[in-house]
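Report on one structure; see the data block that follows.
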Amino acid sequence: MIINKPTIILFISISLFSSIVAQEKRSWSFEFLPGIAVVPPMPLKIEQDGFNDLTITAHYKTESLRLPIYYSYRLGSYKNNKGWSLEMNHLKIFLKNTNDEIQQISVSHGYNQVFLNHHILKEKYTWIMGAGAVIGHPESTIRNQTYTEKGGLFNDGYYLAGITLQGAIYYPLINTKHFCLPLEAKVSAGYGTVPIVDGMAHIPVIAFHLLMGPCFKW
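Here my numbering is used: the first residue of the sequence shown is 5, the next is one more, and so on.
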């Protein structure tokens with residue numbers, strides 16, 4: 005698992021989350037879910053001082069299986085077929101249709117999405133609805149000006165960039181008392197604004213996700 009700054013933020017949130025729900029007897033789970041994600045064409049807007057705004061239809065690749073891989077991990081707490089969880093989703097995006105002015109833009113150390121989720125268990129399936137924040141690490145070269153990967157959170161290039169929502173359905177292929185192997189399909193919609201040299205990039209992202217990995221329960 006890759007430990008980055010959004011991971012640290014998530015674990016701080018987990019500590020607070022745990023202290024809130026630990027007051028009553030509940031079941032718990034921890035999941036690590038690698039997988040793949042696909043992003044359809046989306047609008048991309050560049051605002052830069054001294055220049056006209058640029059707006060294009062962006063085509064992104066996600067390179068889900070290249071290191072650092074795409075993944076989610078999640079800590080959940082459940083009671084009476086309902087529950088809550090905190091989730092960190094590490095999505096990467098790379099602009100494919102670059103041009104003479106937008107020479108490179110990516111959020112490859114993570115278009116990270118940190119969710120607070122609500123779970124509803126229906127027989128074998130679980131429905132998940134979540135909302136949270138986008139924490140982005142942008143890399144860009146716009147009009148021959150390359151943005152430094154510093155500043156932001158921890159002065160390490162991460163920025164609290166925007167908001168995100170998700171909906172998912174979850175099915176355990178294996179399910180025992182202390183272990184399960186879930187298959188999950190989800191769609192997320194985020195809107196992030198990240199800095200470039202002398203300006204900002206507005207990057208909305210809808211993504212379709214398919215994930216599978218181990219779940220440990222206690």
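Beta carbons: idealized from backbone N, C-alpha and C, even for Gly.
Is the distance from the Cβ of residue i to the Cβ of residue j below 8 Å?
i: ALA165; j: GLY203; result: no
i: HIS141; j: ASN101; result: no
i: ILE200; j: TYR151; result: yes
i: LYS128; j: PRO186; result: no
i: TRP32; j: TRP222; result: yes
i: ALA189; j: ALA172; result: yes
i: HIS123; j: GLY155; result: no
i: LEU125; j: ASN85; result: yes
i: TYR77; j: GLY39; result: no
i: PRO47; j: THR61; result: yes
i: VAL138; j: GLN170; result: no
i: ALA135; j: LEU157; result: no
Comparing C-alpha positions only, which one of the options sits nearest to residue i?
i: ALA205; options: GLU51, LEU187, PRO38 and LEU125; result: GLU51
i: LEU69; options: SER81, LEU95, ALA135 and VAL191; result: LEU95
i: LEU99; options: GLU188, THR66 and GLY171; result: THR66
i: ILE167; options: ILE132, GLY155, GLN117 and LEU214; result: GLN117
i: LEU37; options: ASN56, LYS83 and GLU91; result: GLU91
i: LYS49; options: GLU153, ILE109, GLN170 and LEU215; result: ILE109
I'd like the span of the beta strand (DSSP E) that includes residue i, first residue to last.
i: LYS190; result: 183–200
i: ILE210; result: 203–216
i: MET59; result: Inspection of the sequence shows that residue 59 is occupied by Thr rather than by Met. Segment 58–62, the beta strand (DSSP E) holding THR59.
i: ILE73; result: Careful: ILE73 lies outside any beta strand (DSSP E) and carries neither H nor E.
i: GLY140; result: 129–140
i: PRO176; result: 163–179
i: HIS113; result: Here HIS113 belongs to no beta strand (DSSP E), and DSSP marks it neither H nor E.
Nearest-angstrom Cα distance between residue i and residue j?
i: ARG30; j: HIS113; result: 35 Å
i: GLU105; j: TYR163; result: 24 Å
i: GLN149; j: GLY161; result: 16 Å
i: CYS184; j: GLY54; result: 55 Å
i: PHE220; j: GLU35; result: 6 Å
i: VAL198; j: ASN93; result: 18 Å
i: PRO208; j: THR59; result: 12 Å
i: MET5; j: ILE146; result: Confidence at MET5 is low in this model, with a pLDDT of 37, below 50, so the placement of that residue should be treated as unreliable; the coordinate-derived value is given next. Computed Cα separation, rounded: 32 Å.
Closer than 7 Å: is that where the CB of residue i sits relative to any heavy atom of the ligand FAD?
i: GLY217; result: As far as ligands go, the structure on display features none, and thus does not contain the ligand FAD.
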